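Going by the numbering used here, the final residue of the sequence shown carries number 121, and the count climbs one at a time with no gaps.
Where a beta carbon is used, it is the ideal one built from N, C-alpha and C, also for glycine.
Given the structure is predicted, the values throughout are model-derived calculations rather than measurements.
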Amino acid sequence: MNTRRKNPGGTPLISNDPFAPLRQRFLVRCADQLTELKAIARQGDALATRDALIRIAHSLAGAAGTFGFGEISARASALETLLIDKRDEAAPEAALHALIAEIERTLQ
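As structure tokens, then:
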């Protein structure tokens, strides 16, 4: 019997889904990374913490896409690209805040 529930991201969770435990661990890790991202955002200089942000964004981009959280993946990938590209000093800040907002929406 398939029991449908909703995970914190609002997507259906099927009890016999073999990826459900991994998806739940991703959401827990995502909440931890959200805390890190907010701390970086409070500092107000995303470029000063470029390496940490690239690491987090890269991790989120891959894992979020794998587990069906496409918006998080897209926003994390955009942030990673902006940080690596280094062309626009203001763009990473905006991308960081967009990623934070998307993670918060997903975890509600």
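- A straight line joining the alpha-carbon of ALA89 with that of ASP58 spans about 17 Å.
- Shown here, LYS99 sits in coil according to DSSP, grouped into three states, outside any helix or strand.
- Boundaries of the alpha helix (DSSP H) around PHE39: 33-56.
- The beta carbon of GLU106 sits closer than 6 Å to those of ALA59, all from its chain and outside the five residues before and after it, given in chain order.
- The beta carbons of LEU109 and LEU92 sit closer together than 9 Å.
- Between the alpha carbons of LYS99 and ALA61 lies a gap of roughly 12 Å.
- Under the criterion of beta carbons closer than 8 Å, LEU35 and PHE80 qualify as touching, at roughly 7 Å.
- Residue burial is scored here from C-beta neighbours: GLU102 has fewer than 16 other C-beta atoms within 10 angstroms and is therefore classed as exposed.
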